[in-house]
Amino acid sequence: MKYFMLAILCWVTFLLAADKKSSATEQKIDSILATMTIEEKIGQMTQTTGQWNWHDPANYTSNSAASDGQRIAIREGRIGSFLNVYGSTITRELQTIAVTQSRTKIPLIFGFDVIHGFRTTFPIPLAEACSWDLDAIEQSARIAAREATAAGLHWTFAPMVDIARDPRWGRIMEGAGEDPFYGSLVAASRVKGFQGNDLSSNNTMASCIKHFAAYGGAEGGRDYNTVDISHRTLLETYLPPYKAGINAGAVTVMTSFNEINGIPSTGNKNLLTDILRNEWKFDGFVVSDWGAVGELRTHGFASSESQAAKKALLAGTDMDMESFIYEHQLSALVKSGEVNEQYLDQSVRRILRVKYLLGLFDDPFRYCDSVREKNELLNPNNVIAAREIAKKSIVLLKNEKNLLPLSKKIKSIAVVGPLADDKANPLGFWNALGDPTKVTTVLEGIRKTVSSSTKIIYAKGCEIDSLDTSGFKKAVETAKRSDVVIAVVGESAVMSGESKCRSSLNLPGVQEEFIKALLSTGKPVIVVLMNGRPLTIEYIDSHVPAILETWFLGMEAGNAIADVLFGDYNPSGKLVTTFPRTVGQIPIHYNHKNSGRPSNPDPKSYSVRYLDLPITPLYPFGYGLSYTQFTYGKPSLNSHSITTTDSIMVSVDVKNSGSRAGEEVVQLYIRDEFGSVTRPVKELKGFKKIFLNPDETKRVDFIVTPELLSMYDIDMHYGVESGTFKVYVGTNSSDVQEASFEVVE
Ligand code: GLC
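Take the sequence shown: its position 571, counting from 1, is numbered 577 in my numbering, and each next residue is one higher.
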């Protein structure tokens, strides 16, 4: 009892101390605000970009720069934040101007798109999500933060947590796929990775939940396009990952470019104040996306710059990235009385609060450490970690007759394809200061892995996106002279990412013809895909014996792919986005509604289907094979009838019935069969990644809580409705074993 009381005392003391610290911070902010002019307040709400040298990141030497005009603006208190300025030298120089030459001495906050690594490039977020390893995802963000903060950065514009159901949308590469439950867990992991346990530490950085909100719902999968969804879809599908990121402690949010049902996010009070502030209690600050305050006019939501400034500020956008409309318009709006200065104070308070949390008032130069910068960037441990998560991100889509893994003593291998010996594209989009010269290509990775007696012959065969087939001949000749062909094909890194949407998801150029030419040799062909989105590869799926989905795995791509090709790692990745058979099937996602005439394969059926396509996707959500086989027992429940406040335990025995040790992502889905509104046919509500040796069986238990069974009812009240539920456990969203239970009032 004594220890219990002691623990309580410590906890209360901690809370009181934290509260005292935060109220001390608020008092300091009050005192700063009291001295600031209107222009200085607006300065804190203005973010501008450095002249970053994104053209040559390989020669990273702190050479991002700011103009002389920007130096003057810092001195005059007209800039509170930079983006795209990095490096301990330049950030120290600009920070010195801010804290010694400006009147308020308020430190700058430096932000950058540290999306999947800073200098050590990790797999693109969509790839990392396929690892279903939340610890690895968190560590990836942790390492990115350690590197970025060693280069003077305080703030990353990540994690992007937008749910994406349309693979034509280029930014699907930047998130965690189509599922709200899993996307929420990944969002929280990334926030914790970036922010750590102490934001004032010099190796943690402010995260940014983006793009708020529903950016991934763009019509036609065209970036920035209109989002027109029901309020229910907004609440149930799109908002959960943002909320999870806020609940994990994210201290900034970025508005999305799109409108939602007629209101652009940057001017959307219901989103930025009613939901984000009043419901979710977010007390950090909101930054617009690039120029988005100005785009309120383009949307047709503001008739002038002045009205755009007023609408954005009153809705809840605290900082203006790169439109300068706050700088140009807010002073007059406040002086004329049209906008109350309290709105400026509110935004500045939120911004200064984050600067305090980062420790910038205690030590503005805490993050400008050239020694740390030299030791942290590309630290060998960081590179090892990049390879580890890259391996886990690879999804084995097909492996006929166990063609894979290959023997390291194989006599000869033809390594072909436009991405087989490519150093730039494996870095993917949003690769920050990723250095192509540091990338291990697939060809290099294979060369390092096989025996000295193995003959490796390389031929590019074709380009990623060209109609030129003149290289086929040499590649086909190479294939004929080898025991096996490894063809590395896919997209370029800039075919996905911001404003990189595609109307076709086929392999670009003549790559599919190239695969056909290789298959005509009769040699076994292994396709290694590098891409930023699901691709429509029906022909390859039906004709190629082995297919690895490797996404863009970062600088260790070649090593990770070789680890899997030759069995040093048994692939364990699972898809987080459905692969359609054709673009015509989009939107297609696993958690769809049943409709009154659910899909029926009978071609004569009057059901949800196309005349010219099967009713199933090419690969379902949660799909991924292993070099071993896993068998599932029937799920057992600890009860078949619970009340709306009970939890239920679902247990399943999973056996490794193959000959290799391996990892399996055991997935749990539910279906609320009848409700006051219709419910999806499946909803992911749990998963566990387990390791099993050959012949080993593990019992996997899931606790399904009332929270996991909750929904918005017909009156939009959130909670558990009574009725019958199905529970599904399996290796992907389609291949499951089921059980059922009921919930009674
Ligand atoms: C871009 C992106 C956003 C990014 C910002 C700063 O337009 O939409 O995700 O963080 O500008 O680069």
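Each residue gets a CB set at the ideal place from its N, CA and C atoms; glycine is no exception.
Same chain, Cβ closer than 6 Å to residue i, five either side skipped, listed in chain order
i: residue 210; result: 151, 201 and 202
i: residue 498; result: 431 and 470
i: residue 417; result: 489
i: residue 372; result: 208 and 365
i: residue 61; result: Note on residue 61: pLDDT 47, under 50, position unreliable in the model; no value is reported.
i: residue 9; result: none
i: residue 577; result: 400, 402 and 570
i: residue 111; result: 105
i: residue 517; result: 495
i: residue 725; result: 716
i: residue 748; result: 647 and 730
i: residue 553; result: 403, 404 and 533
i: residue 664; result: 634 and 635
i: residue 700; result: 662 and 665
i: residue 296; result: 327 and 328
Cβ separation of residue i and residue j, assumed to be a contact under 8 Å, to the nearest whole Å
i: residue 216; j: residue 179; result: Not a contact, Cβ separation roughly 14 Å.
i: residue 600; j: residue 185; result: With 8 Å as the limit, residue 600 and residue 185 do not qualify as a contact, their Cβ atoms being about 18 Å apart.
i: residue 585; j: residue 503; result: 19 Å between Cβ atoms; not a contact.
i: residue 708; j: residue 729; result: In fact, because the Cβ distance is near 20 Å, the residues do not count as touching under 8 Å.
i: residue 168; j: residue 176; result: Not quite, the Cβ-Cβ distance comes to about 12 Å (not below 8 Å), so this is no contact.
i: residue 604; j: residue 739; result: That belief does not hold up - the Cβ atoms of residue 604 and residue 739 are roughly 15 Å apart, past 8 Å.
i: residue 421; j: residue 357; result: At roughly 52 Å, the Cβ-Cβ gap does not stay under 8 Å, so residue 421 and residue 357 are not in contact.
i: residue 426; j: residue 479; result: Their Cβ separation, rounded to whole angstroms, is 17 Å, which puts residue 426 and residue 479 out of contact at 8 Å.
i: residue 583; j: residue 183; result: 4 Å
i: residue 355; j: residue 39; result: 7 Å
heavy atom of the ligand GLC below 8 Å from residue i C-beta
i: residue 327; result: yes
i: residue 90; result: yes
i: residue 816; result: Only positions 7 to 751 of the chain appear in this structure, which leaves residue 816 out of reach.
i: residue 717; result: no
i: residue 296; result: yes
i: residue 504; result: yes
i: residue 217; result: yes
i: residue 211; result: no
i: residue 124; result: no
i: residue 200; result: no
i: residue 627; result: no
i: residue 558; result: no
i: residue 260; result: yes
i: residue 163; result: yes
i: residue 501; result: no
i: residue 166; result: yes
i: residue 187; result: no
i: residue 680; result: no
i: residue 291; result: no
i: residue 435; result: no
i: residue 263; result: yes
Beta-carbon contacts of residue i that lie in its chain and below 8 Å, excluding the five residues immediately before and after
i: residue 676; result: 688, 689, 691, 710, 714, 715, 731, 732, 733 and 734
i: residue 743; result: 638, 639, 640, 641, 658, 734, 735 and 736
i: residue 48; result: 84, 332, 333, 336, 337 and 350
i: residue 230; result: 224, 263, 264 and 505
i: residue 218; result: 248, 259, 260, 261, 262, 271, 277, 278, 282 and 292
i: residue 44; result: 336, 337, 340, 341, 347 and 350
Beta-carbon proximity list for residue i, same chain, < 7 Å, skipping 5 on both sides
i: residue 306; result: none
i: residue 363; result: 205, 206 and 257
i: residue 64; result: Low confidence applies here, because residue 64 scores a pLDDT of 47, under 50, leaving its location unreliable and the question unanswered by this model.
i: residue 79; result: 85
**3 or more residues per run - each beta strand (DSSP E) lying fully within the region 461 to 485** = Secondary structure within the region 461 to 485: the beta strand (DSSP E) runs of 3 or more consecutive residues, fully enclosed, are 461 to 465 (chain order).
**Prompt:** Residue ranges of each alpha helix (DSSP H) run of no fewer than 4 residues wholly in the region 203 to 264, ordered along the chain?
**Reply:** Entirely contained in the region 203 to 264, the alpha helix (DSSP H) runs reaching 4 residues are, in chain order, 245 to 253.
**Request:** Return the chain-ordered ranges of every beta strand (DSSP E) run that is complete within the region 342 to 409 and spans a minimum of 3 residues.
**Result:** Every beta strand (DSSP E) of 3 residues or more that sits fully in the region 342 to 409 is shown, in chain order, as 401 to 405.
**Prompt:** Which runs of the alpha helix (DSSP H), 4 residues or longer, sit entirely within the region 678 to 732?
**Reply:** Restricting attention to alpha helix (DSSP H) runs no shorter than 4 residues, the region 678 to 732 encloses them at 712 to 715, ordered along the chain.
**Request:** Return the chain-ordered ranges of every alpha helix (DSSP H) run that is complete within the region 485 to 531 and spans a minimum of 4 residues.
**Result:** Counting only runs of at least 4 residues, the region 485 to 531 fully encloses the following alpha helix (DSSP H) elements, listed from N- to C-terminal order: 517 to 525.
**Prompt:** In the region 114 to 149, which residue ranges form an unbroken alpha helix (DSSP H) of at least 4 residues, counting only runs that do not cross its ends?
**Reply:** Taken in chain order, the complete alpha helix (DSSP H) segments of 4 or more residues contained in the region 114 to 149 are 131 to 135.
**Asked** What residue ranges within the region 267 to 296 form continuous beta strand (DSSP E) runs of no fewer than 3 residues, ordered along the chain?
**Response** List check, beta strand (DSSP E) in window: 291 to 293.
**Request:** Kindly provide the ranges of any alpha helix (DSSP H) runs that are 4 or more residues long and lie completely inside the region 69 to 120, ordered along the chain.
**Result:** If we require 4 residues or more, the alpha helix (DSSP H) runs fully inside the region 69 to 120 come out as 74 to 81 and 94 to 102.
**Request:** Within the region 530 to 606, note down every full alpha helix (DSSP H) run reaching 4 residues or more, in order along the chain.
**Result:** Entirely contained in the region 530 to 606, the alpha helix (DSSP H) runs reaching 4 residues are, in chain order, 544 to 549 and 563 to 571.
**Asked** In the region 321 to 345, which residue ranges form an unbroken alpha helix (DSSP H) of at least 4 residues, counting only runs that do not cross its ends?
**Response** DSSP runs (the alpha helix (DSSP H)) wholly in the region 321 to 345: 331 to 341.
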